[in-house]
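Peer 1: Please see the structure below; I have some questions.
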Amino acid sequence: MPTTPLQRLLFAQGGDCFFCRKKLGKAEASVEHLVALTHGGRDNDENCVACCKSLNSLFGRMSLKEKLQIVLNQRGNFMCPASAAATSASSTAPSSKPCAKKSRTHAERFGLVLADLQKRGNAKPGTVEKLLNTIKSHMTSLGEPESEADTLLGELRAQNFVGVEGEKVSYSLPDRGAT
Ligand SMILES: [Zn+2]
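In terms of this note's numbering, the sequence shown opens at residue 183 and continues consecutively.
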C-alpha cells in the first residue's frame, strides 16, 4: 500500500512521469505542485503530480499558464528536460554552445528569443530594424538560420508580446515568474 504522496501519485500514474510518460525511477521522481504553493496551490493529490525532477526544477515558480504553454509548445511529443538532453547525444551542458547537428524546434527558438528579450530589461531594441537584427544575431550565435528572424518577429507580434507602430517597437513580455 503506497504511503507517501510521491508513492501514491506514482502508483496512480502507473509508475510513469505525468508529463513525458517515461518510467520514473525513485531517483528522478519528484512531486510537482501544478499550482505552486506560493501561488496559493494546495498541498494535496488534486494539485500534485509525480514527474521528472528536471521538469519540476524548470517549472520553478511559473504560473500554471506558463507551464501549460511549455507543455503545449512541444506539440505532443513531450520530453522532460533531462530526457531531451539525453537524446540529443553527447553534450549534457544545455545551451553553452550551439549544437549544429540537431536543429531546434520552432517553439524552442521562439522560447529562446523571448527569454533573450526578457533578459534585456530596459535595453531592448527600440525599432523594428534593430529588433530584427537582434533576433538575427541571436539565431546566428545559436547556429540557426537568420531567415527565422522574420517568422519569429511575426509570432511575437501575433502573440502581442511585441507591438509595432511605424518603425517603433513596444514590448509586453510575459512575467518570468521572478518575484
Ligand atoms: Zn518526465
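In this text, a Cβ means the ideal position worked out from N, Cα and C, and glycines have one as well.
1) Between Leu254, Arg302 and Lys318, which has its C-alpha nearest Thr333's C-alpha?
2) Please state if the CB of Ala331 and the CB of Leu314 are separated by a distance shorter than 7 Å.
3) Please report how far the alpha carbon of Gly207 lies from the alpha carbon of Cys234, in whole angstroms.
4) Which term fits Lys236, buried or exposed, when burial requires 16 or more other beta carbons within 10 angstroms of its beta carbon?
5) Check whether the Cβ of Cys233 sits closer than 6 Å to any heavy atom of ligand 1, and report yes or no.
6) Within a Cβ cutoff of 8 Å, which residues of the same chain sit near Arg153, ignoring the five residues on either side of it in sequence?
7) Once you ignore the five residues that flank Lys204 on each side, which residues in its own chain have a CB closer than 8 Å to its CB?
8) For Val217, which of Cys202, Ser239 and Arg243 has the nearest alpha-carbon?
Peer 2: Let me lay it out:
1) Lys318
2) yes
3) Approximately 9 Å between the Cα atoms of the pair.
4) The displayed chain sequence assigns Ser, not Lys, to residue 236. Buried is the call here.
5) yes
6) Outside the displayed span of the chain (183 to 361) sits residue 153, for which this structure offers no information.
7) Asp198, Cys234, Cys262 and Ser265
8) Arg243
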